[in-house]
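Residue numbers (the numbering used here), protein chains in the order written: chain A, 2 to 247; chain B, 2 to 247. Where is the CB? At the ideal position from N, CA and C, for every residue including glycine. The block underneath contains the structure these notes are about, expressed in structure tokens.
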DNA sequence: CAAGACTAAACTGTCGACAATCGACGATTA
DNA sequence: TAATCGTCGATTGTCGACAGTTTAGTCTTG
């Protein structure tokens, strides 16, 4: 009768997922720089697979916003423009406020401890002089908040945004000169969440994210990234206005 | 030399996009009911294309949340669970507050008039006794707000959410008994946006969306949709914690 | 020397094919 | 009788191929 003995749960072949992860990594780490072309056959050969899974993975990344598809020309790594950065941070600010308030509402002793532990990790990591790791652990903290908020769509959205943000940060370089600063600024945020006052929470999120936004924006402008007000890519699948046939 | 004669913009071959739109329509209109299996070969045959574009389109819809992919089993229309509805409305409330405030900030006489005209359209549509059309025009109004907010990511997100919402509404049936009610409730919202007070705006959005949320939730519970707290689908592509090699 | 025409290579979009796997159904066994 | 096993059709995952288009490079021409 098959006792529910544990769970080896064999690894799915799932080439598409793997390719998507690998591509994401490559983009986020800057190995595929913004604007560069993603040649399907090249990726396929390099990974030892055929083009079909690569295309499907590329489509996913396109929907996620890391790639842009130009018909008959292929996929390109999305270019970083000031406008993109502003859009990303604007959206992030919007959802992180919300997630933080939700997290406060759902906060348990365990989840609170998890957040505290993560702040400790941030402090410890600060001594390592490993910017990539620092970014990673920072991401972990904020992701925790979204996990506690307990809305899977919100979490997915954050992950998608985070991938783009990593691209930005990777390109721009380290964010703070003092890595301990990064750790310290999380404490009042957590305090506000523990206190549970929505206004205080959003104020702290605004300060926290807004600071990063301004910093990144400043650096981006120094690097003279294009503004990018042009239409760029038509984007998502819009539901056309058709005479519904229900 | 090709004078830049604007705009026929021939329908790109772009099979993937077309298939995605068609599939979206079918799902939203309930022709592919929640939980049903999407057989690649079947769709392909029916549309007269091969499986490759169908798969790519399905992957897009998966990322969008309309489909769920079970490895080695195929794609299934996402089941409607109470939890999904709550997540969708929660996220929608979050972004629509934000978009409305942004829209107020960006409001011009033209965009204001566009919103007013759309309310007129809503009133006119109310006499037609065409629920599908009513939903369509309602969607238009809210989409306008996101367009005015002028953040492409926000807009795309709204479109994605809207597709899921249509599925919900299509399944649950008409939302209001009095279609004029739906039109009237937009007026104070627009008034608040014109006034430009963030607090008043969010309050009105909360009321407006919250009302729909409660209505839909009530109907969903009457239909005894499953709660769906189970893990369901792992979801987005997470960036694994790897030793970065920069 | 620069602008344009032409050619060849590279690449995308799409297709059909094949092996591996899943699910159902009936046979087998305790 | 109920549970397990084996078989078979249906379906997915993946691949290689081919036509049409884009791109890069070369050659021509004013």
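**Request:** Spell out a yes or no on whether the region 114 to 127 of chain B and the region 30 to 46 of chain B are touching, meaning 3 or more CB-CB pairs, one atom from each, closer than 8 Å.
**Result:** no
**Request:** Note down the Cα distance separating residue 197 of chain B from residue 89 of chain B, rounded to an integer number of angstroms.
**Result:** 26 Å
**Asked** Just the Cα atoms here: how many angstroms apart are residue 26 of chain B and residue 61 of chain B?
**Response** 14 Å
**Message:** For a cutoff of 9 Å on Cβ pairs, would you count residue 86 of chain A as touching chain B?
**Reply:** no
**Prompt:** Between the region 152 to 159 of chain B and the region 52 to 71 of chain B, do at least 3 Cβ pairs fall closer than 8 Å?
**Reply:** no
**Message:** Tell me which residues share the same chain as residue 191 of chain B and place their Cβ nearer than 6 Å to its Cβ, disregarding the 5 neighbours each side in the sequence.
**Reply:** 116
**Residue closest to residue 102 of chain A, alpha-carbon to alpha-carbon, out of A:201, A:227, A:170** = A:201
**Request:** Would you grab the beta carbon distance between residue 183 of chain A and residue 139 of chain A for me? Rounded to a whole angstrom, and I think it's under 8 Å.
**Result:** 6 Å
**Members of the region 87 to 121 of chain B that neighbour chain A once the beta carbon cut-off is set at 9 Å** = Answer set for the region 87 to 121 of chain B: 87, 88, 89, 91, 92, 94, 95, 96, 98, 99, 100, 103.
**Item:** Segments assigned alpha helix (DSSP H), at least 4 residues, entirely inside the region 4 to 60 of chain A
**Value:** 16 to 29, 41 to 48
**Prompt:** In chain A, which residues lie less than 7 Å from residue 53 of chain B when you measure between Cβ atoms?
**Reply:** 53
**Listed by chain order, chain B residues near residue 179 of chain A by CB distance under 8 Å** = By Cβ distance, chain B contributes nothing, its closest Cβ being about 20 Å from residue 179 of chain A, past 8 Å.
**Prompt:** Would a C-beta distance cut-off of 9 Å place residue 81 of chain A and residue 221 of chain A closer than the cut-off?
**Reply:** yes
**Request:** Under 8 Å between beta-carbons, which chain B residues line up against residue 57 of chain A? List them in chain order, please.
**Result:** Going along chain B in sequence order, the residues near residue 57 of chain A (Cβ under 8 Å) are 56, 57, 60.
**Message:** Below 7 Å on C-beta distance, what does residue 15 of chain B contact in chain A?
**Reply:** 72
**Message:** According to DSSP, simplified to helix, strand and coil, what is residue 197 of chain A?
**Reply:** coil
**Message:** Looking at the secondary structure, which residues open and close the beta strand (DSSP E) in which residue 68 of chain B lies?
**Reply:** 68 to 71
**Prompt:** Is residue 53 of chain B closer than 9 Å to residue 56 of chain A when the C-beta atoms are compared?
**Reply:** yes
**Asked** Are there 16 or more other CB atoms within 10 angstroms of the CB of residue 199 of chain B, so buried, or fewer, so exposed?
**Response** exposed
**Asked** Quick one: is residue 155 of chain A near chain B, going by C-beta distance under 9 Å?
**Response** yes
**Prompt:** How would you label residue 171 of chain B, buried or exposed, when you count the other beta carbons within 10 angstroms and need 16 or more for buried?
**Reply:** buried
**Prompt:** Candidates A:94, A:35, A:159, A:16: which alpha carbon is nearest residue 169 of chain A's?
**Reply:** A:35
**Item:** Sequence-distant residues of the same chain with beta carbon closer than 6 Å to residue 148 of chain B, five excluded per side
**Value:** none
**Request:** Mark residue 225 of chain A as exposed unless 16 or more other C-beta atoms lie within 10 angstroms of its C-beta, in which case mark it buried.
**Result:** exposed
**Request:** Inspect the beta-carbon positions of residue 150 of chain A and residue 104 of chain A and report whether they are closer than 9 Å.
**Result:** Cβ distance < 9 Å, so residue 150 of chain A and residue 104 of chain A count as in contact.
**Prompt:** With DSSP run on the structure shown, which of helix, strand or coil describes residue 75 of chain B?
**Reply:** strand
**Request:** Would you please state the rounded distance, in angstroms, between the beta carbons of residue 50 of chain A and residue 16 of chain A? I believe it to be under 8 Å.
**Result:** 6 Å
**Asked** Got a sec, what are the start and stop residues for the alpha helix (DSSP H) residue 137 of chain A sits in?
**Response** 132 to 150
**Message:** Any beta carbon from chain B within less than 9 Å of residue 48 of chain A's own beta carbon?
**Reply:** The beta-carbon of residue 48 of chain A is placed no less than 9 Å from the nearest beta-carbon of chain B.
**Request:** Please say whether residue 158 of chain A and residue 96 of chain A have beta carbons closer to each other than 9 Å?
**Result:** Residue 96 of chain A places its beta carbon less than 9 Å from that of residue 158 of chain A.
**Message:** Using C-beta distances below 6 Å, list every residue in its chain close to residue 233 of chain A, excluding the 5 sequence neighbours before and after it, in chain order.
**Reply:** In this prediction, residue 233 of chain A has a pLDDT of 43, which is less than 50 and means its spatial position is unreliable; what the coordinates show is noted afterwards. Taken in chain order, the list of residues that qualify is empty.
**Request:** Decide if residue 72 of chain A is buried, meaning its Cβ has at least 16 other Cβ atoms within 10 Å, or exposed.
**Result:** Burial is judged here by how many other beta carbons sit within 10 angstroms of a residue's own beta carbon; residue 72 of chain A has fewer than 16 and is exposed.
**Prompt:** Do residue 85 of chain B and residue 216 of chain B have their C-beta atoms closer together than 9 Å?
**Reply:** No, these two residues do not count as a Cβ contact at 9 Å.
**Prompt:** What residue from A:22, A:28, A:76, A:29 has the CA that sits closest to residue 39 of chain A's CA?
**Reply:** A:76
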